[in-house]
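For what it's worth, the UniProt record's numbering labels the leading residue of the sequence shown as 1, then goes sequentially.
Quick reminder that beta carbons are idealized off the backbone N, C-alpha and C, glycines included.
Beneath this line is the structure, given in structure tokens, with notes to follow.
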Amino acid sequence: ALNMARSYIESHFGKDYLPAKPNFYSSKENAQEAHEAIRPSDVKMLADHLSGMDKDAVRLYDLIWRQFVACQMPAAQY
Numbered sequence: 001a002l003n004m005a006r007s008y009i010e011s012h013f014g015k016d017y018l019p020a021k022p023n024f025y026s027s028k029e030n031a032q033e034a035h036e037a038i039r040p041s042d043v044k045m046l047a048d049h050l051s052g053m054d055k056d057a058v059r060l061y062d063l064i065w066r067q068f069v070a071c072q073m074p075a076a077q078y
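In structure tokens form, the structure reads like this:
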């Protein structure tokens, strides 16, 4: 999943939006790590491809997809 997200970012946004090393997030103390996070199984499957699905389901998928891709981009600079 990590490589899939990084490849997508590089090909669609360019190297400026790809950190040199992958972003890793450590869990907090006493966190239960029972399951992997919800994420798209294929980063190329955009919300636009989900025609015929419930509007709320498409919006939820889009939110999950955007967060999945953003987690491997550098932090915003203001």
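{"Item": "Give every residue of the same chain whose Cβ lies closer than 7 Å to the Cβ of Tyr61, excluding the five residues on either side of it in the sequence, and list them in chain order.", "Value": "Ala47 and Leu50"}
{"Item": "Can you have a look at Ile9 and say buried or exposed, based on whether 16 or more other CB atoms are within 10 angstroms of its CB?", "Value": "buried"}
{"Item": "Could you check what DSSP says for Arg66 in three-state terms: helix, strand or coil?", "Value": "helix"}
{"Item": "Would you call the CB atoms of Leu2 and Pro22 closer than 8 Å?", "Value": "yes"}
{"Item": "Would Tyr25 and Met73 qualify as a contact pair, given that the criterion is a beta-carbon distance under 8 Å?", "Value": "no"}
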